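Beneath this line is the structure, given in structure tokens, with notes to follow.
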Amino acid sequence: EILRLAYEPAYDPLPKPNGQLGLKLDTAIDRSALDLKEIQDGFLERLKQIRSEEISRGVTTIGPHRDDLRFIINKADVSDYGSRGQIRTTLLALKLAEVEWMRERTGEYPVILLDEVMAELDTHRRADLLKYVSQEHQVLFTTTDLSLFAQEFSEGAEIWDVKGGVVAPRR
């Protein structure tokens, strides 16, 4: 629920995919009771119920590693019905929500690492992302194509090149 609250506003810096955005957590544990103690008790009870089955199978069948976080646009699962651009934008929005969540708890922005993200976004989404990260964020981008970045952004950035395993500042 905390992530849902942070996630939806974080989507704002990026163009919305014509529709309502949401998150759904698919889990084997009933979380309709929002009281943490009740969720913990329910999880423990479920573990006790399936303990012998898990031991005989040699695997764990419930827990956070088995949960699925689903991204929903207009009541449709993005992984099933979204375009590649919608999927990329949705995942990026989740990362930005995590950034805001961490800032609210620590008072500082974390370092954001984005690997080849510009190649996966259209021109408008690239511009929106650069505007967003230009505010107070510390960002490390990796790219094989610097032309995907706005010239104004590149001129204000510290650029490093990696060649033959050597990392050096661009001159």
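Letter by letter, the sequence shown follows residues 193 to 363 in this note's numbering. Note that beta-carbon positions come from the ideal geometry of N, C-alpha and C, so glycine has one too. From a predicted model like this one, the values you see are computed outputs, not experimental measurements.
Runs of beta strand (DSSP E) lying entirely within the segment 237-279, each at least 3 residues, in chain order: 260-265
Of the listed residues V291, Y301, F341 and E300, nearest to A311 (C-alpha basis): To locate residue 311, count along the sequence shown from 1; it is residue 119. Checking every option, the nearest Cα to that of A311 belongs to F341.
Residue nearest to I221 in terms of C-alpha spacing, selected from D260, M294, R363 and L332: Here residue 221 corresponds to residue number 29 of the sequence shown, with the count starting at 1. Measuring from the Cα of I221, the nearest candidate turns out to be D260.
Beta-carbon proximity list for L217, same chain, < 8 Å, skipping 5 on both sides: Against the sequence shown, residue 217 aligns to sequence position 25. R223, D259, D260, L261 and R262, listed in sequence order.
Cα-Cα separation between H316 and V309, rounded to whole angstroms: Start at 1 with the first residue of the sequence shown, and residue 316 comes out as number 124. Start at 1 with the first residue of the sequence shown, and residue 309 comes out as number 117. Taking the straight line from one Cα to the other gives about 13 Å.
Burial state of I351 (16 or more Cβ within 10 Å): If you number the sequence shown from 1, residue 351 lands on position 159. I351 is exposed by the Cβ-count criterion.
Nearest neighbour of I437, chosen from G357, I279, I254 and G250 [CA to CA]: The first residue shown for the chain is 193 and the last is 363, placing residue 437 beyond what the model contains.
Proximal residues to R362 (C-beta, below 8 Å), its chain only, five neighbours per side dropped: As a first step, residue 362 must be located in the sequence shown, where it is residue number 170. So the list reads I351, W352 and D353, once near-sequence residues are dropped.
V325 - containing alpha helix (DSSP H), residue span: Mapped onto the sequence shown, residue 325 falls at position 133. Unbroken alpha helix (DSSP H) run through V325: T315 to V325.
Coarse secondary structure for T334, derived from DSSP in three states: As a working mapping, residue 334 is identified with position 142 in the sequence shown. Residue state, collapsed to three classes: strand.
Selection from Q343, G357 and V303 that minimises the alpha carbon distance to F333: Against the sequence shown, residue 333 aligns to sequence position 141. Measuring from the Cα of F333, the nearest candidate turns out to be V303.
Reduced DSSP secondary structure (H/G/I, E/B, other) of P207: Taking the first residue of the sequence shown as position 1, residue 207 is located at position 15. Because the pLDDT at P207 is just 48, under 50, the model does not fix this residue reliably, and the value given afterwards should be weighed accordingly. P207: coil per DSSP, three-state reduction.
For K355 and L215, the rounded distance between their alpha carbons: The sequence position of residue 215 within the sequence shown is 23, counting from 1. The sequence position of residue 355 within the sequence shown is 163, counting from 1. Cα to Cα, the separation comes out at about 41 Å.
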